[in-house]
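Data block below; observations after.
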Amino acid sequence: MVVEVQERKAGLADPVSSAVHLRPPARGGLHERFGPSDPDPGLEVSRNPRVARLLRNRKFQFLLILPNQIVFWTVIFVGILGTAVPGLNFGAAITWYVWFCLVFVMMVVVGRAWCAMCPFGGFAEWIQRRALWQRAQRALGLGRKFPAPLARLGFILPVVSFLVLTWIEEFFNIAGPGNPADTSFMVIGIVASALLFFLVFERRTFCRYVCPLTSLIGTVGSMGSVAGFRTKDREVCLSCATKDCMRGGAEGYGCPWYTWPGSADSNLYCGLCSECYKACPEQNVGLFLQKPLTSVVAPKRRRADVAWAIALLWGLVLYQQINATTAYARVDTWLNTHLGVPHYPDPVAYLGLIGVLALATAGVAKVIAVLLARRDVDFARPGSFADRGSRFRAFFVPIAYGLIPVMGADYFARQLPKFFKHSARVVPAVAHIAGFSSAGSPIYATHILTNPWIVNVQVAVIALGTLGALWATWRIASRELVAISRNTLALRVGTLGLVALCGTVAAVLYVAMHAAS
Amino acid sequence: MATTMTITSAVQTGVPHVRVLEDRCAGCQECVVRCPTGALEMDSEHWVAVARDDACVGCRQCVRTCPFSAIEVEGPVLVTPRVEVEPLHPDHLVGDTSEIRPGIGSWDDALAEAQRCLACPDPTCVRGCPAHNDIPRFVAAIRDRDLATAHRVLRRTSVLPDVCSRVCNQAAQCEGACTWSLAGDTPVAIGLLERFVADNSEVPPPVPGPDAGMSVGVVGSGPGAIGAAWELVEAGVSVTVYERDPVPSGLLGWGIPDFTLPERVADRPWRQLGAAGVDLRLGTDVDAERLEQLLCEHDAVIVATGAGAPLRPPIPGADLDGVTDATNFLKTARAALESPMATEQWVAAAGLATSGSGRADRAAPHVLVLGAGNTAMDVARTARRLGLDATCVDWVDERFALARPDELEEARREGVSVRFLRTVVRLEGDGGRVRRAVVARCEQPRADRPPTVVEGAAETVSVDLVVMAMGYRAEPAIANALPGTPVRRQAAGLPDRRWTASGVFANQASAFAHHSPVGTLAYGREVGMHAAALPVRDRLWVVGDALVGPATVVEAMAHGRRAAAAVLGARPSRPGTSDPRQSRRALVCYASQGGRTARAAQAIAEELTDKGLSVRVLPVQRVGPEELAAADIVVVGSWVEGMVVAKVGPARAMRVWLDSLPPRLGGVPVAVFCTYGVHPRSTLTAMASAFERRGARVVATSSLRQGGTKVAAIAFARRILAGVRDAAGQQTAASVGGR
């Protein structure tokens, strides 16, 4: 080995730096990998000095969380202590008539906006950090890593927790809404779970791996027009030797979501908390906008756990629609009688039908793969559950991503009846806290839209979602599936036909549901 | 010289297996750029790290450096056995002062050990070494059989490779921070390899540089003084060293026995420095008053007086005859071991002769050493060589002992009785001479809790001599004249992110390092290194134990080098010099939010540059002690934070930075400005007082509305230069008047 000895220089130069010789980072394929998903520099909103000042302010996220924190602690107390009439109880009314619908609007437009202001994770994070907004140095809790076998499942665990929570909601008629106290207990349960996870594990392990909403917000949010916090210049990130955005710096914590702005290719795991923006000593992180659906279409790395999450979430929303039809009511009664379940939803039918619908969606992708995959391509690739390759996955995963807009639209449409029929009740519910209102109040019975119009809006939402899904599927297929298919026309027909079928089924079911809540 | 190989690793089978958690891997490549063997590379399609097990050696560097904990490594650490060198054990200990610890005896062993070094891209051993020796490079030079190059590499950071390789506690420093050690295995024998270089090729002497026209006085002649004098004389500075003792080397001479550090090695630096022209004035005591005179005689003074004042706990009976301290014992014992006759004379003078003492039943007089640290071991082992029985008592649990484990083991093999969880509560005597010690038992379940005495469990031990070896402190006579000392070697706030990224803070309980948190200790030492670069007063630097309290030889040497570099950079001149050197280097630092303060800083910097100064402009987040030490003028600006009337003051970033400033800034001229929208209120006062508390001179202040105009910035820059000139003039007048 040839030793190159630098001549000694008298001075205060850091002798450690001269002994550090990091290997050059890999730069091959950067443009191909990130080019399609990198946001336009012109869409960096943090170039605006006021926005930059806001994002750099450590109270930014605290001030987002604080109002929600107040609302949800009010929900907890009013739900338990207030009236038992759901429509007059602020806790039940705000949660089920307004909040769930607004969350969907936020995720479709912004992405993980709710995660940035979530009072559940926010509360637990305040305790974990022992600070409301300050950059504290010592965390409270055990700081454990989430077990790797569970972490490898990615979005599967949160989907399971979402299915379980939804079943609990339906079984106990919490979201009906039924007894408002049940809503309070559910919220307390979520806060307690979040707190437990924040105190046992590091960062936002709960939000990334467990939170019932994270898979839904992550997938549906990828339609949003906020790309999240991304690198301004990837070369600066690659040559950065400290990665303050990941480890935490003087001004900001390391990314709580395990995301590196230098390699983020979608808004899937950007919690919009702005910590990386604050932490970067080079000011090389920016908040970017993007065209709608970019995070659905553009990412090159697609993950099987996300695809299965989409299929299962699609199965769940279809199940809920089917359940709301009078035709299924007879089947449900028969099942409950024979399975000994007191009332809807019996867990066998719940999980069975969701599973069947998810597998049916995957089955169509399987058929497309079997019939159309090129025989001269080796699809096998070793890897974890999320990343290993096979012929089926090569088609199923991109096709599932293409279904995100119709699935998201379906969830949104599902919330509309409650919003249009009952959201006005929030006003008397607020007044009722002070003892001024009753169910006899005229506004209590006000419906923003009538049932036929609600159905029209639902069908329109589904149509819009289907159009978005058709466009996304076309783009995804062009980039990822045409090259591995034997027949492009058949591929187009198969993939777009699946989207159209999904949209049609959802729309028909909404017509059949007659705006049922 | 006996050299043996011992297997330190467990039986190793199979290969390591690296698992990358793809879900969490963000493709940041922190592992890829730091993997010593190149076993990690990028999957460009999925942009995650992938590992080749066949290239992995199991060092776990990737695990320690991954920001998201996305890598796991299973399986063995594939490292070859370390070359171990067994210490020698003289058959007849009495009077034997030969070196106990041999070095590596052959090139084959040296090469085998050098091959164990992974040459890590981000070498944690370098951070663990207090001097920051470029260990991978000098080890690579050994692999090339090129000792001259190895010396040149070491010389960049050390002038005492022969000394440090013998006296350093490598397990808590470089070797404890070796990647093998952090992985839980046996580190490269860095100390032995450094010694191999020094033992087999003479340490090159200092080469005096051309006359720099500067005179520096150095007080003391220990390792701190050696480091400073070496750098200065090589830069052509006229160096005068003032040493209180009749022989130079300080602690190296009297404090470390010959069997650990032979006299020929300890004397080497001053032989070479003397030959290079350093004016060594022995027997010259320097107190606070004399220090002021030295500041008038020299352009700068570096105080390296060490911490030689022994601590004497207030034990009843401590004033009896036969009770002494380690300093006195070691100094007199060194002379006593020069010949059997001198030994006999010392024993008689100490009142330890068995004949006529009425203690003929005892084979040898008994020395009780209070303490069981490294100094106590030196005392006890020296006592054994004087033919005495020796017992060390220390109230800490052995698990938390301060002594080096190898030192402890060697002492026990030489017959020293070391008793932990014991403390002397009373000394008793007959006829004014100590005869008995009452020793109580203690308990210490946890390292972070002080031991407690167990009531009713005392025993009485017969003693003939008691030596207190419970630590030192700086000489109070001069310490009072050194403001801001001692500096606590404890880093506050967020560590330097480069240190965190290296992974040196991970695995804080490495078995080899005897559960020392090597990274935290190393980073704490950096506080002392930074402080050494900054003067405590105008033209007065303090290094080594005098700066930070009792520390290590290598730290003191590194402090000395650092202070010398700061002196060379600052080029101060004593008052009354006919051609006083002008301040040439300015540092303009700022905390800016929207860019106005940054622009104002830039405008000020441009004007200072036009006036002939060398100017650096940096945001405060990038300004550390090194940047401050390299500046003759510091200009600091902040935007004004607050809500018109409430909490108006310097920006948070500025406040954090001001709080993190070193305790002393040594009279450096500072100018302060702020940019404001409505009213700055007390912003300037707050900033200025932060500097004045640290001994800096605030020469100009200015508040610039809306960032100010170019004209205002230029005017401020001119006021700064005028303020610096005025301050220099006042100082000169004060000094002349004082004389």
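Which chain is which? The protein sequence lines are A and B, in order. Position in the first sequence (from 1) plus 1 gives the number in our numbering. Position in the second sequence (from 1) plus 1064 gives the number in our numbering. The beta-carbon is built from N, C-alpha and C at its ideal position, and this holds for glycine as well.
- Listed in chain order, the positions of the segment 256 to 270 of chain A with a beta carbon within less than 7 Å of a beta carbon of chain B are Tyr-259, Thr-260, Trp-261, Gly-263, Ser-264.
- Contacts with chain A at 8 Å (Cβ-Cβ) do not include Trp-1171/B.
- Under the Cβ criterion of 8 Å, Gly-1730/B is not counted among the residues facing chain A.
- Counting only residues of its own chain and dropping the five nearest sequence neighbours on each side, Asp-1117/B has a CB closer than 7 Å to the CB of Val-1079, Pro-1080, His-1081, Val-1082.
- Interface criterion met: the Cβ of Gln-138/A is under 8 Å from a Cβ in chain B.
- Closer than 8 Å at the C-beta level to chain A, one finds these residues of the segment 1100 to 1120 of chain B: Gly-1102, Glu-1105, Met-1106, Ser-1108, Glu-1109, His-1110, Trp-1111, Val-1112.
- Not a single CB atom of chain B sits nearer than 8 Å to the CB of Ala-132/A.
- For Glu-1408/B, the enclosing alpha helix (DSSP H) starts and ends at 1404 to 1413.
- Under the criterion of beta carbons closer than 8 Å, Ala-1368/B and Gly-1284/B qualify as touching, at roughly 4 Å.
- Neighbourhood of Lys-244/A in chain B, by CB distance below 7 Å: Cys-1092, Glu-1094, Pro-1131, Ala-1565, in chain order.
- When Val-1121/B, Asp-1723/B, Ala-1414/B, Val-1732/B are compared, the shortest CA-CA separation from Glu-1138/B is found for Val-1121/B.
- Pairing Gln-416/A with Pro-1581/B, the inter-Cα distance amounts to about 56 Å.
- In the three-state DSSP reduction, Ala-1650/B falls in the strand class (E or B).
- The three-state secondary structure of Thr-1661/B, taken from DSSP, is helix.
- For Val-111/A, the secondary structure class from DSSP, reduced to helix, strand or coil, is coil.
- Apart from the 5 residues on each side of it in sequence, Ser-438/A sits with its Cβ closer than 6 Å to the Cβ of Pro-429, Ala-432 in its chain, given in chain order.
- Against chain A, the CB of Arg-1476/B has no partner CB under 8 Å away; the residue lies outside that interface.
- Of all residues in the segment 214 to 240 of chain A, only Cys-238, Leu-239 come within less than 9 Å of chain B when Cβ atoms are compared, listed by chain position.
- Only residues of its own chain outside the window of five on either side were considered, and among them Ser-1302, His-1362, Asp-1363 have a CB closer than 6 Å to the CB of Ser-1279/B, listed in chain order.
- Rounded to the nearest angstrom, the Cβ distance from Val-1502/B to Thr-1388/B is 19 Å, too far for a contact under 8 Å.
- Contact residues of the segment 1201 to 1228 of chain B toward chain A are Arg-1201, Ala-1204, Ala-1205, Arg-1207, Asp-1208, Asp-1210, Thr-1213, Arg-1216, Val-1217, Arg-1219, Arg-1220, Thr-1221 (C-beta to C-beta distance below 8 Å).
- Of all alpha-carbon atoms in Glu-1471/B, Arg-1686/B, Gly-1731/B, the one lying nearest the alpha-carbon of Ala-1717/B is that of Arg-1686/B.
- Membership of Tyr-1306/B in any alpha helix (DSSP H) is not indicated; the residue belongs instead to the beta strand (DSSP E) covering 1302 to 1306.
- Taking the Cβ atoms as the reference, Gly-1731/B lies roughly 6 Å from Gly-1759/B, within the contact range of under 8 Å.
- Relative to the Cα of Val-458/A, the nearest Cα in the group Val-427/A, Ala-414/A, Ser-424/A belongs to Ala-414/A.
- If the five residues before and after Leu-1632/B are omitted, its C-beta is found closer than 6 Å to the C-beta atoms of Ala-1299, all from its own chain and listed in chain order.
- Counting along the chain, the unbroken beta strand (DSSP E) around Phe-1737/B starts and ends at 1733 to 1740.
- Taking the beta carbon of Arg-205/A as reference, no residue of chain B falls within 7 Å; the closest one sits roughly 12 Å away.
- Across the structure, Gly-1435/B and Phe-1484/B are spaced so that their CA atoms are roughly 9 Å apart.
- Per DSSP, Thr-232/A is one residue of the beta strand (DSSP E) stretching across 227 to 232.
- The Cβ of Pro-50/A sits closer than 8 Å to at least one Cβ of chain B.
- For Gly-29/A, the chain B residues whose Cβ falls inside 7 Å of its Cβ are Ser-1108, in order along the chain.
- The alpha helix (DSSP H) runs of length 4 or more contained entirely in the segment 1187 to 1251 of chain B are, from start to end of the chain, 1188 to 1192, 1199 to 1207, 1211 to 1219, 1225 to 1231, 1243 to 1246.
- Between the alpha carbons of Ala-1710/B and Pro-1683/B lies a gap of roughly 26 Å.
- At the C-beta level, Glu-1478/B and Arg-1513/B stay beyond 8 Å of one another.
- Looking at Arg-1510/B, Ala-1134/B, Asp-1723/B, the one whose alpha-carbon comes closest to that of Arg-248/A is Ala-1134/B.
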